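Reviewing the structure listed below.
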Amino acid sequence: MKPLAKRYVLLYVGLFLLCVAGNAQERPECWTLRACLDYAMEHNIQVRKSKIARLSGIEDTKQAKAELFPSLTASVTQGFVNYPSSDAATNNSYSGNYAVNANWTLFNGGQRRQTIKQQKIQNTVDELGIEQSENDIRLSLIQTYMQVLYAMEAVRINENTVEVSTAQRDRAEELLRAGSISKVDLAQLESQLSSDKYQLVVSQTNLDNYKLQLKQLLELDITEEIELVMPDISEEDILEPLPGKETIYKTSLAVMPEVRSSELAVDIAELEQRKAKGAFLPTISMNAGIGTGHLSGTDYAFGSQIWNSFNESVGLTISIPIFSNRQYKTAYNKARYAVTTSQLNLLDTQKELLRTVEGVYLDATSAQTQYLSASENLRYVKESYDLTNEQFTLGMRNTVELLTEKNNYLTAQQERLQAKYMALMSIQLLNVYQKKPVAENY
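Residue numbers for the sequence shown, in mature numbering (1 follows the signal peptide of the UniProt record, and there is no 0): -26 to -1, 1 to 416.
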């Protein structure tokens, strides 16, 4: 290989490795909730599409402003005519026309001004659309992330359960050899161990499914692995005091983008009504132009024809709508109805937000109460289970009593775990509706 070619190959390889390293650096090694949210804001397809829609809307605004200025066009026409008759003095004729024309709408009932105002408001709506897309992905990520954390803890609980079941089965074998229990007791414990292993497989499958959903939200490839960081969660985080329901709702009304978008939709509809009303007024426009042309087969030379045909024109046109088959009146009435519809949409958006916030608030308060109750119940059930397990090891309890206490203990663990993550998820969702940042420990 020649030295120059070798240098190019090394350069391309170096650039490729830099690109790969750069892409790898974009993805955190361990995915916290904050890292997931930051990554999704940059890579989620819906968020990126919303940003493109905003740029497209800005172009529409520029176009609406440009409608206030004159338009200028130039035209060049070349023609050829054939006269096949033998009596014609000239069988072929060539012609040319050249013109520059300008048109300027001076007044059209204020419709252009209303359109500009509409487009400016629409630009704000598009910006709110980006924010709404980001909020949607935040809500989905928080829910899925908490489900992954819940599944991770469920796997850990089931792993511990399998370990305990294995130890109990081994102890039962010793007791069987000592004649303290029957083969039926051993078979029950072996059956319980198989059941616990199956539950471990189910919980691991649930974890994999939730991780897959999380990767899809993050727009990650299906083959990529994702490792979550288990946050340091204290009881203070789970039992975090919540503001009043009315306070949260009023805050969400002020900060949630869908409410502001609905309010601006009313303004756009009112401007559309004014624009429709302007169609009843006359339209005043002005046009001006210069042109010239030439025609072969005449006694004048090309240059003389161009000069002799040179012309200048200017005109003023007033167009007065008299009868338009009810087109303008229908447009005005429909615009008026659209105002009412947009007002109803605003009311519906507010009520839907109220229902959502109220539901999440009730979930949060209910989960916190259940967590306290489940924690207390778990404490008593664990004491009973530990005592029963100890007595079983000494041969003082039978297998049925042990398995009953064990199942009660497992159920209490699951109930506490569900209440824990339902409370955490609801609190974080309420933070989104109040535009609060994610807690530092996530």
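Even glycine gets a Cβ: it sits at the ideal position worked out from N, Cα and C. Computed from a predicted model, the values in this text were never measured in an experiment.
Each residue's CA atom was taken as its position, placing W78 and Q37 some 15 angstroms apart.
Counting along the chain, no alpha helix (DSSP H) covers Q408, and no H or E run does either. In the three-state scheme derived from DSSP, where H, G and I count as helix and E and B as strand, M260 is classed as strand. DSSP links V288 through a beta bridge to A262. Beta-bridge annotation (DSSP): V55 is paired with S67. Residue nearest to L174 within the set A128, Q247, L160, L102 is A128 (criterion: CA-CA distance). Residue burial is scored here from C-beta neighbours: T179 has fewer than 16 other C-beta atoms within 10 angstroms and is therefore classed as exposed. Burial state of F366 is buried, judged by a 10 Å Cβ sphere holding 16 or more other Cβ atoms. Annotation: V176 to Q388 spans about 14 angstroms, alpha carbon to alpha carbon. In this structure, H17 lies away from L186, with their beta-carbon atoms at least 9 angstroms apart. Exclusion of the five residues before and after A341 leaves A393, M396, A397, S400 as the residues of its chain whose Cβ lies within less than 7 angstroms of its Cβ. By the C-beta density criterion, Y359 is buried, having at least 16 other C-beta atoms within 10 angstroms. Rounded to the nearest angstrom, the Cβ distance from S69 to G267 is 7 angstroms, consistent with a contact under 8 angstroms. Shown here, T140 sits in a helix according to DSSP, grouped into three states.
For E375, the CB contacts under 8 angstroms within the same chain, skipping 5 residues up- and downstream, are T362, F366 in chain order.
Closest by C-alpha distance to P44, out of A76, P58, W281, is A76.
With a contact defined as Cβ atoms closer than 8 angstroms, Y416 and P205 qualify at about 5 angstroms. For L269, the pairing in a beta bridge is given by DSSP as S69.
Along the length of the segment 176 to 225, whole alpha helix (DSSP H) runs at least 4 residues long occupy 209 to 212, reported in chain order.
Non-local C-beta neighbours of L149 in its own chain, meaning closer than 7 angstroms and more than five positions away in sequence, comprise I155, G369, ordered along the chain.
The three-state reading of DSSP puts F276 in helix, counting H, G and I together. Per DSSP, the unbroken alpha helix (DSSP H) holding S24 starts and ends at 19 to 40.
Counting every other CB atom within 10 Å of its CB across the protein chains shown gives I104 a total of 16 or more, marking it as buried.
Residue pairing by DSSP places W5 opposite L202 in a beta bridge. Contact annotation, A228 with L115: C-beta distance approximately 23 angstroms; criterion of less than 8 angstroms not satisfied. When the five nearest sequence neighbours on each side are left out, the beta carbons in the same chain lying within less than 8 angstroms of the beta carbon of F276 are those of H268, in order along the chain. In this structure, N109 lies away from T35, with their beta-carbon atoms at least 9 angstroms apart. Boundaries of the alpha helix (DSSP H) harbouring E357: 301 to 367, taken from the DSSP string. The beta carbons of C4 and V136 sit no closer together than 9 angstroms. Annotation: the continuous alpha helix (DSSP H) that includes E244 extends over 231 to 252. Residue burial annotation: A125 is buried, with at least 16 other C-beta atoms found within 10 angstroms of its C-beta. With a threshold of 16 other beta carbon atoms within 10 Å, A40 falls short and is exposed.
The C-alpha of L181 is placed about 12 angstroms away from the C-alpha of K189. Annotated three-state conformation of S168 is helix, per DSSP. Taking a C-beta distance under 9 angstroms as the contact criterion, V355 and A386 qualify as a contact pair. Shown here for Q20: same chain residues with a beta carbon closer than 8 angstroms to its own, the five before and five after excluded, namely S107, D110, I111 in chain order.
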